[in-house]
Amino acid sequence: MPDPIQNFPGMASPNRLNPPDTNGDIGPDHFVQMVNVSFAVYSRTGTLLFGPVNNNTVWGGFGGKCQNNNNGDPIVQYDGLADRWVISQLAVGGVDYYECIAVSATPDPLGAYHRYAFNYGNQLPDYPKLGVWPDGYYLTYNMYENGSTFTGATTCAIERRAMLVGAPATQQCFQSDDALSILPSDVDGPTPPPLGSPNYVLGEGTTSNDALSMYRFAVDWDIPAMSTFT
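The sequence shown maps to residues 1 to 230 in the working numbering.
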């Protein structure tokens with residue numbers, strides 16, 4: 001392995017929570033790091049530009065659980081196809097559960113964000129993972145009824161085209177009864193997948209530790225009933 005081009009210490013776990021759920025991504029000018037319920041923004045050479053602060057700082061003034069709760073399981077992804085940043089975390093407690101998602105309005109992670117709250121009712125969307133794809137942001141979860149009873153793995157396509165401009169956004173979700181801990185495809189770099197390619201979702205089979213389950217998620221935002229998960 002070659003040596004890293006750049007190496008610098010990030011933040012520790014300011015809230016001292018375990019596991020730390022460390023997460024980070026890099027863009028043309030910034031590195032954004034998330035550790036459980038906190039995040040910080042660095043230059044590419046390691047200069048701290050902002051933070052650490054609580055993740056729900058991003059949803060300040062938004063209202064509801066995304067503003068008031070700070071529950072972690074964080075994700076930060078750089079959307080290189082649009083030169084934008086995507087930040088998300090859980091908002092749990094009470095009788096309903098949310099995934100809070102924010103998409104930067106500009107290439108600057110220190111600027112304004114378009115903020116969203118997706119409600120999953122009494123299903124806790126645990127272990128979220130996020131993939132950037134041309135036709136959507138794809139999120140996978142292990143779902144737990146009332147936060148305790150496993151009910152299956154779920155994949156949701158979030159309406160990326162709307163979120164990039166701050167418009168109201170919808171989602172389409174499918175459940176996988178024969179897999180868990182599933183992961184969506186994610187575009188890294190400037191080259192998109194072939195035009196019209198579905199998002200490929202891969203997960204561990206529930207019936208055998210040796211099995212993998214792979215799905216093709218083809219979303220249709222104009223006619224949702226035409227979306228398929230096979």
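Every residue gets a Cβ at the ideal spot worked out from N, C-alpha and C, and that includes glycine. Just so we're clear, the structure is a prediction, and the values are computed from it rather than from any experiment.
Taking the Cα positions, phenylalanine 229 is about 13 Å away from threonine 140. Distances from the alpha-carbon of methionine 34 to those of Leu49, Pro74, Phe62 and Leu17 put Pro74 closest.
The Cβ neighbour count for methionine 143, taken over all protein chains shown within 10 Å, is at least 16; the residue is labelled buried. Taking C-beta separations shorter than 7 Å and ignoring five residues to either side along the sequence, the partners of valine 95 in its chain run Asn122, following chain order.
In this structure, asparagine 55 places its C-beta atom within 8 Å of the C-beta atom of asparagine 70.
The shortest C-alpha to C-alpha distance from glycine 152 to any of Ser176, Arg16 and Thr47 is the one to Ser176. About 6 Å separates the Cβ atoms of tyrosine 98 and cysteine 66, confirming a contact at the 8 Å cut-off. Counting along the chain, the unbroken beta strand (DSSP E) around asparagine 54 starts and ends at 48-54. In the DSSP assignment, alanine 40 falls outside any alpha helix (DSSP H) and lies within the beta strand (DSSP E) extending over 38-43. DSSP places arginine 161 in no beta strand (DSSP E) but in the uninterrupted alpha helix (DSSP H) bounded by 160-163. Closest option to leucine 90, judged by alpha-carbon separation, among Leu212, Met214, Ser38 and Leu183: Ser38. Inclusion of valine 201 and proline 184 in the CB contact set at 8 Å is warranted, their separation being smaller than that value.
Per DSSP, asparagine 68 is one residue of the alpha helix (DSSP H) stretching across 64-68. Following the DSSP letters along the chain, one finds proline 128 inside the beta strand (DSSP E) bounded by residues 123-133.
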